[in-house]
Amino acid sequence: MSAHETVIIPKKELPANIVRLGWALTLIGLALVTVSYLTDAQRAGFNNIIGFTFLASIAVGAVFFIALEYIAGAVWTTPFRRVLEFLGMLLIPVALLAIPLFLNLHDLYHWTHADVVANDKVLLSKSPYLNEQFFTIRFGIYLLIWGAFYFIFRRNSMKQDLNSDQKFTKKNIALAAAFIPLLAISISLFSIDWLMSLEPHWFSTMFGVYYFTGTILTALAVTTYFVVVLSEKGFFFKGINENHYYSFGALMFGLLSFWAYIAFSQFMLIWYANLPEENFWFISRWQNGWEYVSIAIVLLHFWIPYFMLVSRPSKMKPTVLKNSALLLIFSHFLDLYWLVMPTYSDTPVFSYYELAFPILTVGLIIVLFAIQAKKYNMVPVGDPKLQRGIDFHL
Amino acid sequence: MEKKLYSISAIYHSPNDIVRAAAAVRDAGYTKFDVHTPYPIHGLDGAMGLKETKLGFVTLAAGILGAVGMISFASWVAVVDYPQVIGGKPYWSWPAFVPVTYEIAVLLAVLGTVGGMIAFFFKFPNTSHPLHDTPYMKKVSADKFGVTIQSEDPSFDEKKVRDLLKSTGGEVEAIYYTEEFLNFKPNTFDPKFILLLVGISLATSAGGYLYWNKLLYMPPFDWMMEQPRFDVQSQTEYYVDGHSMRLSVAGTVARGFLPYPYKLGDKADSVGKYLVNPLLPTKTTLDLGKKKYLTFCSPCHGNFGNGDSRLRGQFPNPPTLHSDKVRTWPDGAIFHTMTVGQNVMPSYQYQITREDRWAIVNYIRTLQRAYNAKESDLQ
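Structural data, given as structure tokens:
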């Protein structure tokens, strides 16, 4: 191992056309969202849930990976931690996107109707948990947990840039240990609150893990895409090599296999027992055209990326990584569409309503990333682990 | 036996040295060389210029074989060989086959990897290698790092190789071998050994067959099997109703479980005269009675039967056991009271066994005698 030169990474502005694209997408998305809310508030609301949980996936997944790096003492992710720290900022749009949902709660969740609940034994027994007050309080608690930990992690990491003090790493390790169990509980309840309660009679104990797996997979895919593109365009230091790429690919491969394992387990148990109070959820996703969406998810979320990433050389190829990351991001969106929309419509629907939130989401990611990349270092220059992370070798 | 040169080797003292040496050997254009280290070293495969191993294809083939084989087997069993309707589902319910297919695919992939490694890469059954039992191998499997360039390399030249290795700082030595050593094979496929294995397996199977299928059905070994008895819950032609299990005769009483003939409300002194104390007041029965009295009776009745409860008024105090009424009762009346209860006193027949209750009666009699001792007792 020859001696390395000290890495100096200046703050970098993203190319102006990318930033302009981000702003354009954000504005188009906002306009489409406004139009769709004005024309069909219910349909817009269901799409809002998809966009909202999708953004939450990326934001919370990014915070999870920050915590994971600290608690596991991981070295190879350190050079890329800033990408995760930038992506965590999406928690702000998550909080904002919840506002229209709270205004339209009655159109979306039928357990919010007091008269329906009063005549329904099952909903009545669930009402101590599923009521609007507790629902709102819970959402506040989730945001508080995620936001507080995210901003402290981030603040410590930014301070470290200035003085390279190792005590910030130690602080964040202790915080990460507290954060991970809290995250496990909060993200499970979050998915139960916002996604599973769309069908308040249905239940699956696997559901929290299902959403959580999709969450961290998507956050990793977004991070991978950013890292590969940015390093190809020269926004990172020279020295990112196939060992780093392989680690991203292997982690993505492992998580997508885990997602398939969880998804299949949830399906198989319900299919096998065939209980009427559980199986209607899958039956409604296997008729009137929804079966094609279901098959598409199996292919796009598992089989195709699985074979894209299965071999060792393919995990090191930047093009394969970029394509599979984009595919996984898309299929998580499709997965959320598949989770949410059957409640709204018996057949799959697609129109500008469904496009509004994806456009807004992509725009927001680019804009928030660009703003922060301009202001902060793209690499945690003060982290004591940085040099080891750059020299990382499998 | 003629000694042949196998290779020129060099020993190094640090992992950095060996990585540098491997790179130097690779750059010099040698292809037939190998590096030995006591533990895996990062980056060595790159320094040696090794290509990707082909073992992955063996794993893939074995995994596909496992998956295809298992799903075919499960389908054949469920559809052709033993079709059964389970949970109202079609015979060919493929989701049920997924977990087992996955498991078998993983299992066969793992076994195939190990097997393929042994068969294709370790060249089983030949277990000899010129490096075995050399001082070089002893060093590199302890704390040294070695590189060895084989004489069969196309560009092998002993002097050049020695110079190259010396220039990288290694301690150079030559390794020789004999044909005899190299071609030594363990006698795994010796006909005699195979015959022995076949003989042992035949003998074991034959013994097992004889034991399970013949011997167990021959007298005297069939005694345990062929007992003159009916198995529980089996049918029989012996009894008219076809049941092998019989009901007990009406009025049958289990040993030690004679039902108590009197009930709550029967007057203690009127039924008491029909009950006879079966126990003699020996030291054994009195000790037993004392122990049981102190356990069950004393909390309310007091340690000496004075009715001085130690429950501090949480339960009504019973009257003394030294009253004329209790003293003149027959033994049976006290026994009856203990058995069925009286007023707020509950029945004790399930807490205290029959014999223990009689022993308590004897102990109460002793207490009463102690409080009302006769003149003769004091002498």
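Quick note, the sequences are listed as chains A and B, same order.
Under this note's numbering, the final residue of the first sequence carries the number 790; numbering is consecutive throughout.
Under this note's numbering, the final residue of the second sequence carries the number 381; numbering is consecutive throughout.
Positions of the beta carbon are idealized from the N, C-alpha and C atoms, including for glycine.
Keep in mind it's a predicted model, so treat the numbers as computed, not measured.
For the beta strand (DSSP E) containing K6/B, list its first residue and its last residue.
Residue 6/B sits at position 4 when you count from the first residue of the second sequence. Start and end: 6–14.
Could you name the residues of chain A that A98/B contacts, counting a contact when the two beta carbons are closer than 9 Å?
Numbered from 1 along the second sequence, position 96 holds the residue referred to as residue 98/B. The answer, in chain order, is M664, W667, Y668.
Contact list for the stretch 36–55 of chain B against chain A, Cβ threshold 8 Å:
H44, G45, E54
For Y805/A, the nearest candidate out of K771/A, S707/A, T508/A, R439/A (CA to CA):
There is no way to answer for residue 805/A, as the model of chain A reaches only from 397 to 790.
Contact list for G89/B against chain A, beta-carbon separation under 9 Å
Working through the second sequence from its first residue, we reach residue 89/B at position 87. Correct list: Y668, A669, N670.
What residues in the stretch 647–661 of chain A have a beta carbon less than 8 Å from any beta carbon of chain B?
F660
With burial defined as no fewer than 16 other Cβ atoms inside 10 Å of the residue's Cβ, what is the status of D326/B: buried or exposed?
Reading the second sequence from its first residue, position 324 is the one you call residue 326/B. Per the 10 Å Cβ criterion, exposed.
Determine whether the beta carbon atoms of P132/B and Y179/B lie at a separation below 8 Å.
Translated into the one-based positions of the second sequence, residue 132/B becomes position 130. Translated into the one-based positions of the second sequence, residue 179/B becomes position 177. Against a cut-off of 8 Å, the Cβ pair of Y179/B and P132/B comes out as a contact.
Quick one: which residues of the stretch 568–599 of chain A get their C-beta closer than 7 Å to a C-beta of chain B? List them in chain order.
none
Taking all protein chains shown into account, decide if S747/A is buried (16 or more other Cβ within 10 angstroms of its Cβ) or exposed.
Along the first sequence, one-based indexing puts residue 747/A at 351. So S747/A ends up on the exposed side.
If you compare alpha carbons, which of A769/A, L782/A, R416/A, T449/A is closest to L591/A?
For the purposes of this step, residue 591/A is identified with residue 195 of the first sequence, where counting begins at 1. Among A769/A, L782/A, R416/A, T449/A, the Cα nearest to that of L591/A belongs to T449/A.
Buried or exposed, going by whether 16 or more other CB atoms sit within 10 Å of the CB of T355/B?
In the second sequence, counting from the first residue as 1, residue 355/B sits at position 353. By the neighbour-count rule (16 or more Cβ atoms within 10 Å), T355/B is not buried but exposed.
Take T297/B and list the residues in its own chain whose beta-carbon comes closer than 7 Å to its own, dropping the five residues that flank it on each side.
Numbered from 1 along the second sequence, position 295 holds the residue referred to as residue 297/B. Excluding residues within five positions, none has a Cβ falling inside 7 Å.
Are at least three pairs of beta-carbons, each pair with one atom in the stretch 451–463 of chain A and one in the stretch 483–499 of chain A, less than 8 Å apart?
yes
If you drop the 5 nearest sequence neighbours on each side, which residues of the same chain put their C-beta closer than 8 Å to that of V81/B?
Reading the second sequence from its first residue, position 79 is the one you call residue 81/B. So the qualifying residues of the chain are Y93, W94.
Assuming A335/B and A270/B form a contact by the criterion Cβ under 8 Å, report the distance between their Cβ atoms to the nearest whole angstrom.
Counted from its first residue, the second sequence places residue 335/B at position 333. Counted from its first residue, the second sequence places residue 270/B at position 268. Indeed they touch by this definition, with Cβ atoms about 4 Å apart.
Within 8 Å, strictly: CB atoms of V342/B and K265/B
Along the second sequence, read from residue 1 onward, the residue named residue 342/B stands at position 340. Along the second sequence, read from residue 1 onward, the residue named residue 265/B stands at position 263. Taking 8 Å as the Cβ cut-off, V342/B and K265/B qualify as a contacting pair.
Counting only Cβ-Cβ distances shorter than 8 Å, please list the residues of the stretch 693–720 of chain A near chain B, keeping chain order.
S707, R708, P709
Would you tell me roughly how many angstroms separate the C-alpha atoms of V27/B and K711/A, rounded to the nearest one?
Start at 1 with the first residue of the second sequence, and residue 27/B comes out as number 25. Start at 1 with the first residue of the first sequence, and residue 711/A comes out as number 315. The alpha-carbon atoms of V27/B and K711/A are separated by roughly 30 Å.
Going by the DSSP bridge assignment, what does M347/B pair with across the sheet?
As a working note, residue 347/B is residue 345 in the second sequence. Q344/B, per the DSSP bridge assignment.
On the three-pair Cβ rule with 8 Å, is the stretch 430–447 of chain A touching the stretch 487–505 of chain A?
yes
Can L782/A and P475/A be called in contact, C-beta distance under 8 Å?
Translated into positions along the first sequence, residue 782/A becomes position 386. Translated into positions along the first sequence, residue 475/A becomes position 79. Result yes, Cβ atoms of L782/A and P475/A sit closer than 8 Å.
Where do the ends of the alpha helix (DSSP H) carrying Y41/B lie?
Residue mapping note: residue 41/B aligns to position 39 of the second sequence, counting from 1. Where Y41/B is concerned, there is no enclosing alpha helix (DSSP H), given that its DSSP letter is neither H nor E.
Cβ separation of D589/A and F663/A, assumed to be a contact under 8 Å, to the nearest whole Å:
Position 193 of the first sequence, counted from the start, is the residue given in the question as residue 589/A. Position 267 of the first sequence, counted from the start, is the residue given in the question as residue 663/A. With 8 Å as the limit, D589/A and F663/A do not qualify as a contact, their Cβ atoms being about 22 Å apart.
Helix, strand or coil for G51/B per DSSP?
Sequence index remark: in the second sequence, residue 51/B carries index 49 (1-based). In this structure, G51/B counts as coil in the three-state DSSP scheme.
Output, in sequence order along the chain, the residues in the stretch 486–513 of chain A whose CB is closer than 9 Å to any CB in chain B.
none
Give me the chain B residues within the contact set of H789/A, using Cβ-Cβ distance strictly less than 7 Å, ordered along the chain.
The residue labelled residue 789/A in the question sits at position 393 within the first sequence. Correct list: H44, G45.
Might you give, ordered along the chain, the residues of its own chain that have their beta carbon closer than 7 Å to the beta carbon of T611/A, omitting 5 neighbours on each side?
In the first sequence, residue 611/A corresponds to position 215, counting from 1. Counting only Cβ-Cβ distances below 7 Å, and skipping sequence neighbours, we find S453, V456, G457, I583.
Beta strand (DSSP E) segments (min. 3 residues) lying fully within the stretch 109–164 of chain B:
147–152
Span of the alpha helix (DSSP H) holding I366/B?
As a working mapping, residue 366/B is identified with position 364 in the second sequence. 356–373 is the extent of the alpha helix (DSSP H) around I366/B.
Between F75/B and D155/B, which are expected to be in contact by the criterion C-beta below 8 Å, what is the C-beta distance as a whole number of angstroms?
One-based indexing of the second sequence puts residue 75/B at position 73. One-based indexing of the second sequence puts residue 155/B at position 153. That pair is no contact at about 49 Å.
Please state whether DSSP places V775/A in a helix, a strand or coil.
The residue given as residue 775/A occupies position 379 in the first sequence. Of the three classes helix, strand and coil, the one that applies to V775/A here is coil, per DSSP.
Is there a C-beta anywhere in chain B that falls below 8 Å from the one on E401/A?
Indexing the first sequence from 1 puts residue 401/A at position 5. Confidence is the limiting factor: at E401/A the pLDDT is only 49, short of 50, which leaves the residue's position unreliable and the question unanswerable from this model.
Taking one C-beta from the stretch 458–466 of chain A and one from the stretch 511–524 of chain A each time, how about it: are there three or more such pairs within less than 8 Å?
no
Could you pull the DSSP bridge partners for Y178/B from this structure?
Locating residue 178/B in the second sequence gives position 176, where the first residue counts as 1. Per DSSP, L7/B.
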